[in-house]
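Listed in order, the protein sequences are those of chains A and B. Quick note, the numbering used here runs 192 ahead of the 1-based positions in the first sequence. Quick note, the numbering used here runs 192 ahead of the 1-based positions in the second sequence.
2 protein chains.
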Amino acid sequence: MNEDDLIARYFAPLAGAEGLGLLDDAALVSAPSGHDLVITCDALVAGVHFFEHDPADAIAAKALRVNLSDLAAKGATPRGFVVALALNTYDEAWLAAFTRGLKADIEAFAFPLLGGDTVKTPGPVMISVTAFGLVPQGQMVPRTGARAGDALYVSGTIGDAALGLLERQGTISAGQGGAHLVARYLVPEPRTGLSAALRAHAHAAMDVSDGLIGDLTKMMRVSGVTAEVYLSDVPLSAGARAVIGDDEALFASALSGGDDYEILAAIAPDQAQAFEQAAMLARVPVTQIGRIEAGQTPPRFLSRSGAPVTFSKGAFSHF
Amino acid sequence: MNEDDLIARYFAPLAGAEGLGLLDDAALVSAPSGHDLVITCDALVAGVHFFEHDPADAIAAKALRVNLSDLAAKGATPRGFVVALALNTYDEAWLAAFTRGLKADIEAFAFPLLGGDTVKTPGPVMISVTAFGLVPQGQMVPRTGARAGDALYVSGTIGDAALGLLERQGTISAGQGGAHLVARYLVPEPRTGLSAALRAHAHAAMDVSDGLIGDLTKMMRVSGVTAEVYLSDVPLSAGARAVIGDDEALFASALSGGDDYEILAAIAPDQAQAFEQAAMLARVPVTQIGRIEAGQTPPRFLSRSGAPVTFSKGAFSHF
Chain A
193 MNEDDLIARY FAPLAGAEGL GLLDDAALVS APSGHDLVIT CDALVAGVHF
243 FEHDPADAIA AKALRVNLSD LAAKGATPRG FVVALALNTY DEAWLAAFTR
293 GLKADIEAFA FPLLGGDTVK TPGPVMISVT AFGLVPQGQM VPRTGARAGD
343 ALYVSGTIGD AALGLLERQG TISAGQGGAH LVARYLVPEP RTGLSAALRA
393 HAHAAMDVSD GLIGDLTKMM RVSGVTAEVY LSDVPLSAGA RAVIGDDEAL
443 FASALSGGDD YEILAAIAPD QAQAFEQAAM LARVPVTQIG RIEAGQTPPR
493 FLSRSGAPVT FSKGAFSHF
Chain B
193 MNEDDLIARY FAPLAGAEGL GLLDDAALVS APSGHDLVIT CDALVAGVHF
243 FEHDPADAIA AKALRVNLSD LAAKGATPRG FVVALALNTY DEAWLAAFTR
293 GLKADIEAFA FPLLGGDTVK TPGPVMISVT AFGLVPQGQM VPRTGARAGD
343 ALYVSGTIGD AALGLLERQG TISAGQGGAH LVARYLVPEP RTGLSAALRA
393 HAHAAMDVSD GLIGDLTKMM RVSGVTAEVY LSDVPLSAGA RAVIGDDEAL
443 FASALSGGDD YEILAAIAPD QAQAFEQAAM LARVPVTQIG RIEAGQTPPR
493 FLSRSGAPVT FSKGAFSHF
């Protein structure tokens with residue numbers, strides 16, 4: 193099977209009208225008058241961002257969803273995507289499952305395939321997605337806009353995917369809650385529903401993909417501020433809570449591990465109530481976990497007793 | 193060096209204003225009123241699309257130029273790009289050269305870096321570029337629009353890169369002309385200057401990246417027509433002509449090998465003279481090599497004597 197056959201059989205049926213049936217070298221996209229096109233790009237490599245033997249439909253879903261998560265954090269509505277896919281073999285069963293996974297999320301998120309490229313590689317499978325979203329002109333939610341006094345919010349629950357990865361690797365055994373944690377690692381839930389609330393109320397937002405601690409540190413640095421986080425307020429799922437128990441190292445893993453794909457947002461105090469209400473209407477749980485403060489130092493984390501807690505640098509660090 | 197340091201050191205200095213200094217998860221792009229945004233995506237893998245030990249600035253240039261070539265074929269003006277870069281090591285000298293190569297073409301083609309992603313891979317280096325161009329609304333030149341009676345044109349010269357690859361591999365020895373052929377393989381020259389002439393005069397166009405024979409066959413199939421090509425009219429460089437001589441197999445390699453990045457265009461007969469004039473003003477040589485005809489059969493190739501010539505399927509085929 194050559195590249196054209198592969199595209200015709202597996203990808204052309206997925207292409208939206210603007211993908212021109214994937215018969216052309218290019219796709220067209222336009223933003224309606226008064227809108228900006230937001231672009232984001234996230235690549236996944238087998239053995240790095242997913243396991244080679246993960247179900248191919250889950251790999252496809254993850255590749256789209258990590259990009260949908262970025263769009264949501266920017267307040268953007270999904271508009272479409274292009275995908276560059278590097279394959280080391282032409283495995284028809286794998287391709288059928290992969291494109292089935294794409295199709296499901298293309299439909300679930302009204303997120304058409306516009307174009308792309310398929311290439312051979314002697315290395316691991318790599319999927320690079322460039323995603324497009326729409327925002328009303330000038331309303332993209334920046335990462336750089338957090339201000340001292342803002343309330344710091346996070347969506348959903350933190351640490352499930354990091355613990356799911358540990359469960360998957362056999363490092364921990366989460367019992368009954370394990371399947372939920374592994375599922376959260378395998379297929380993230382992009383917080384698409386939160387984008388309008390972020391546009392209306394957030395000074396700054398980003399998605400948490402490299403761990404809460406690292407990503408918060410990043411958002412504070414580029415905003416030129418710092419933050420205080422109340423660790424007891426960080427939302428944990430029942431499964432995460434059960435497996436963490438009193439294990440401080442596991443709690444640190446939950447806070448510093450990656451793949452949460454939740455949204456971190458800085459909200460002006462006078463907008464906090466409206467933001468919470470908008471999030472509730474969008475059925476996305478949000479929790480205040482701290483406050484933005486003036487200063488250039490790294491964020492401070494306070495334990496239940498109010499004592500400062502230090503994390504060593506990097507993911508999977510210990511107390 | 194972590195990903196943030198790498199981006200800050202090597203890529204942020206290249207980012208255009210819309211790249212937001214690469215401090216955000218996303219970039220913004222807008223098409224001026226009355227324009228469409230054309231999107232194209234081409235990925236290159238070390239060991240497949242370039243040699244691992246090619247100069248890193250040439251690899252960067254090729255990654256951009258294969259996409260600029262697609263935009264030119266669509267009649268689009270370069271607008272900007274995002275790049276996903278998978279690296280197996282953090283080699284600072286390589287990265288410095290790679291980003292120097294990007295910078296040179298960002299400036300040469302007024303083609304700003306808007307965003308991207310850098311990831312680690314245990315495999316070969318991979319560079320996936322998604323490129324954006326602008327066309328006046330509804331004026332993208334399609335691949336699918338060739339009509340019976342159109343004149344078939346190609347820009348520049350054909351086969352240089354395929355012969356340059358053979359020279360590079362030691363399969364042939366092209367003597368004095370060898371350096372030119374290798375350079376054509378290493379760093380293609382996107383025909384950006386031809387885009388306005390294509391918009392004004394072409395029914396269909398595509399860039400020749402997988403060999404003239406294969407790509408013409410593809411353009412005819414998606415347009416629902418066929419073509420007759422006069423082989424003696426296919427433009428060859430002096431270097432290609434010298435090394436090919438009477439060697440029919442090498443001539444076939446020139447016609448079926450890839451990496452030309454020239455433009456194949458179908459032009460209505462009453463537009464041919466205006467197209468040639470516009471191309472001349474744009475200083476891009478164009479040559480008529482045949483004619484589009486009705487029918488669904490593969491294109492026919494005629495020798496100098498008018499006899500039909502058959503090529504076996506695929507690249508590097510023989511008579």
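Backbone N, C-alpha and C fix where the C-beta goes; we use that ideal spot for every residue, glycine too. This one's a predicted model, so the numbers in the text were calculated from it and none came from an experiment.
Can you tell me whether DSSP reads residue i as helix, strand or coil?
i, result
"Val274 of chain A", "strand"
"Ala288 of chain B", "helix"
"Glu381 of chain A", "coil"
"His393 of chain A", "helix"
"Ala223 of chain A", "coil"
"Phe203 of chain B", "helix"
"Ser424 of chain B", "helix"
"Met411 of chain B", "helix"
"Val258 of chain B", "helix"
"Gly208 of chain B", "coil"
"Val374 of chain A", "helix"
"Gly293 of chain B", "helix"
"Ile364 of chain A", "coil"
"Ser320 of chain A", "strand"
"Ala238 of chain B", "strand"
"Ala419 of chain B", "strand"
"Gly369 of chain A", "helix"
Do you know how far the Cα of residue j is from the Cα of residue i?
i, j, result
"Ala278 of chain B", "Met412 of chain A", "27 Å"
"Ala296 of chain B", "Ala353 of chain B", "22 Å"
"Ala276 of chain B", "Pro304 of chain B", "15 Å"
"Gly370 of chain A", "Phe243 of chain A", "17 Å"
"Ala507 of chain B", "Asp402 of chain B", "Model confidence at Ala507 of chain B stands at a pLDDT of 39, short of 50, so the residue's coordinates are unreliable; what they give is reported in the following sentence. Approximately 8 Å between the Cα atoms of the pair."
"Phe511 of chain A", "Phe443 of chain A", "Residue placement at Phe511 of chain A is flagged as unreliable, the pLDDT there being 28, under the threshold of 50; the coordinate-derived value follows with that caveat. Going from the Cα of Phe511 of chain A to the Cα of Phe443 of chain A covers about 9 Å."
"Ala457 of chain A", "Leu408 of chain B", "52 Å"
"Leu423 of chain A", "Asp452 of chain B", "59 Å"
"Gly272 of chain A", "Val501 of chain B", "44 Å"
"Gly450 of chain B", "Tyr202 of chain A", "24 Å"
"Pro491 of chain A", "Lys410 of chain B", "57 Å"
Which residues in chain A have a C-beta closer than 8 Å to the C-beta of residue i? List them in chain order.
i, result
"Pro316 of chain B", "Thr313, Pro314, Gly315"
"Asp399 of chain B", "Asp217"
So, are the CB atoms of residue i and residue j less than 9 Å apart?
i, j, result
"Pro334 of chain A", "Ala396 of chain A", "yes"
"Met332 of chain A", "Lys266 of chain A", "yes"
"Val374 of chain A", "Arg360 of chain A", "yes"
"Leu404 of chain A", "Ser448 of chain A", "yes"
"Arg483 of chain A", "Ala394 of chain A", "no"
"Ala460 of chain B", "Arg339 of chain B", "yes"
"Val240 of chain A", "Val321 of chain A", "no"
"Leu306 of chain A", "Val274 of chain A", "yes"
"Val414 of chain A", "Leu215 of chain B", "yes"
"Leu344 of chain B", "Gln488 of chain B", "no"
"Gly341 of chain A", "Glu468 of chain A", "no"
"Leu198 of chain A", "Thr310 of chain A", "yes"
"Val346 of chain B", "Ile455 of chain B", "yes"
"Ala323 of chain A", "Thr232 of chain A", "yes"
Using the beta-carbon of each residue, which ones in chain A are nearer than 9 Å to residue i?
i, result
"Ser225 of chain B", "Ser225"
"Asp228 of chain B", "Leu220, Val221, Ser222"
"Gly239 of chain B", "Thr313, Pro314, Gly315"
Could you spell out the range, first to last residue, of the beta strand (DSSP E) harbouring residue i?
i, result
"Ala457 of chain A", "454-459"
"Gly315 of chain B", "Per DSSP, Gly315 of chain B belongs to no beta strand (DSSP E) and is neither H nor E."
"Leu494 of chain A", "492-494"
"Ser347 of chain B", "343-347"
"Gly482 of chain A", "478-485"
Go to residue i, then tell me how far its alpha helix (DSSP H) extends in each direction, as first and last residue.
i, result
"Ile447 of chain A", "The sequence given here has Leu at residue 447 of chain A, not Ile. Taken as a continuous stretch (DSSP letters only), the alpha helix (DSSP H) holding Leu447 of chain A covers 440-448."
"Glu468 of chain B", "464-473"
"Leu355 of chain A", "352-360"
"Val435 of chain A", "430-436"
"Glu244 of chain B", "Note, Glu244 of chain B: premise wrong, no alpha helix (DSSP H); not H, not E."
"Leu214 of chain B", "Per DSSP, Leu214 of chain B belongs to no alpha helix (DSSP H) and is neither H nor E."
"Leu198 of chain A", "195-198"
What residues of chain A sit near residue i, judged by a beta carbon separation below 7 Å?
i, result
"Gly308 of chain B", "Cys233"
"Lys266 of chain B", "Asp217, Ala218"
Residue i touches chain B at which residues, Cβ-Cβ below 8 Å?
i, result
"Arg335 of chain A", "Leu215, Asp216, Asp217"
Cβ closer than 9 Å: which chain B residues qualify as neighbours of residue i?
i, result
"Asp438 of chain A", "Within chain B, no residue comes near Asp438 of chain A; the closest Cβ sits about 31 Å away, beyond 9 Å."
"Ala520 of chain A", "No answer is possible for residue 520 of chain A: it lies beyond the span of chain A, which begins at 193 and ends at 511."
Residues of chain B with a CB under 7 Å from the CB of residue i: which are they?
i, result
"Ala278 of chain A", "Ala235, Val237, Met318"
"Val414 of chain A", "Leu215"
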